[in-house]
Each structure stands twice: as structure tokens, then as C-alpha cells.
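Working notes, structure below.
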Amino acid sequence: MKKSNIVLIGMSGCGKTTIGRLTAQKLGMAFLDTDNLVEEAEGMSISRLFEIKGEEYFRQKETQACKEASGRGEAVIATGGGVVLSRENMSFLKAAGVIVYIERELDEILRADALVRPLFTSRERVSKMYYERERLYKGYADFLIKNDTPPEITAERLISMLEESRKG
Numbered sequence: 019m020k021k022s023n024i025v026l027i028g029m030s031g032c033g034k035t036t037i038g039r040l041t042a043q044k045l046g047m048a049f050l051d052t053d054n055l056v057e058e059a060e061g062m063s064i065s066r067l068f069e070i071k072g073e074e075y076f077r078q079k080e081t082q083a084c085k086e087a088s089g090r091g092e093a094v095i096a097t098g099g100g101v102v103l104s105r106e107n108m109s110f111l112k113a114a115g116v117i118v119y120i121e122r123e124l125d126e127i128l129r130a131d132a133l134v135r136p137l138f139t140s141r142e143r144v145s146k147m148y149y150e151r152e153r154l155y156k157g158y159a160d161f162l163i164k165n166d167t168p169p170e171i172t173a174e175r176l177i178s179m180l181e182e183s184r185k186g
């Protein structure tokens, strides 16, 4: 399978969707969000899906969304924060694209709208998830970019980084 996708991983609230949309727009690529694919397939929000059917059911649907997104080419794919918890998800995504970890400081994630997300029930839980998942994000990533500038600038830096890597 040709590596034609740019796959964004990172904690919920790190900016994957915003940076992903901007990157896709600037590169003339499609933009996909695996959480949106799940919501469309299930006809409800991720929060509602967690509430009604639970995390395990959501993770199954997330794997289907990763498989679907991986099959498309020339797309920027924003993933859910927990996508790295499944080797199956990451094997689909890694086979079809370059993996970019969007790193954002924990304090910034906590300042964002993060506590309205399904698994973000307390600051302590968010902090624990952040440190547990950080190792996975870094392990799967082909590239790391810090989200410490306005989204437009971060998207430009991401594009420049990918273009530089293709030259080398």
C-alpha cells in the first residue's frame, strides 16, 4: 500500500482536527477525522456512544474507521486520542501513511475544552492518560511537532517538516 496519507495522533485536545483541516486545505488533500467517521456511522456523538454502548464498543467502531480511513489515499487523517491503544489501528494507519504526533503541553490541553470529552472526567485522569499515552505516541510517530504556535503556523511548520523529509 502506498504511503500517501498524513496521520495525526495525540491526546484529545492537542489540535489534531484544527491542524489537520488546515494542513489538508493547504496541500489540497482530503481531510478525515476517525471520530467523525464513527459518529456518522452510528448516528450519534462519541460522548453519547460512550454513554449508551460503552468504551469497548466505541473502540471496535474506531478500528473500523481507521481501516476505512487508511484505505483512502491523499488524505490528512485526524485520529481519536486513544487510537494508539490498539496495535491493529496503528498497523492500518502506519501502512498507509506517515504518522505525526501533535504534542501539546498538558496544561494547554487542560485549559482547552478537554474536560468535556468522554474519558476526561477529571484533571487527574487526564494527567494520568497523558503520561501513559505519551510513550505510545512517540513510539508510533514518524515525526513529532509541538503545537505551541497558532494553528496556521503549526500547519505550515508541519508541511515544511514533511517536505524537508522527502528531500532527504
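For what it's worth, our numbering labels the leading residue of the sequence shown as 19, then goes sequentially. Where a beta carbon is used, it is the ideal one built from N, C-alpha and C, also for glycine.
Decide if residue i is buried, meaning its Cβ has at least 16 other Cβ atoms within 10 Å, or exposed.
i    : result
G89  : exposed
I95  : buried
I70  : exposed
Y155 : buried
S140 : exposed
M108 : buried
Y158 : buried
Y75  : exposed
S178 : exposed
Quick check on DSSP: helix, strand or coil for residue i?
i    : result
D51  : strand
E74  : helix
E121 : strand
G28  : coil
Go through its chain and collect everything with a Cβ distance to residue i's Cβ below 7 Å, but skip five positions before and after it.
i    : result
K79  : V56, A59, E60
M19  : Residue confidence for M19 is low, a pLDDT of 34 falling below 50, so the modelled location carries little weight and cannot support an answer.
S14  : No answer is possible for residue 14: the residues shown for the chain start at 19 and end at 186.
Y149 : none
T36  : P169
R39  : F49
L133 : Its pLDDT being 49, under 50, L133 is placed unreliably in this model, and the coordinates cannot settle the point.
Go to residue i, then tell me how far its beta strand (DSSP E) extends in each direction, as first and last residue.
i    : result
L162 : 161-164
Within the continuous alpha helix (DSSP H) that includes residue i, where are the two ends?
i    : result
M179 : 169-185
S145 : 141-158
G38  : 34-45
Excluding the 5 residues preceding and the 5 following residue i in the sequence, name in chain order all residues of the same chain whose CB lies nearer than 8 Å to its CB.
i    : result
T52  : E80, A83, C84, A87, I95, A96, T97, G98, V101
M47  : I24, T41, E92, A93, V94
R175 : I163, T167
Could you pull out every unbroken alpha helix (DSSP H) segment of at least 4 residues lying fully inside the segment 80-114, listed in chain order? 105-114
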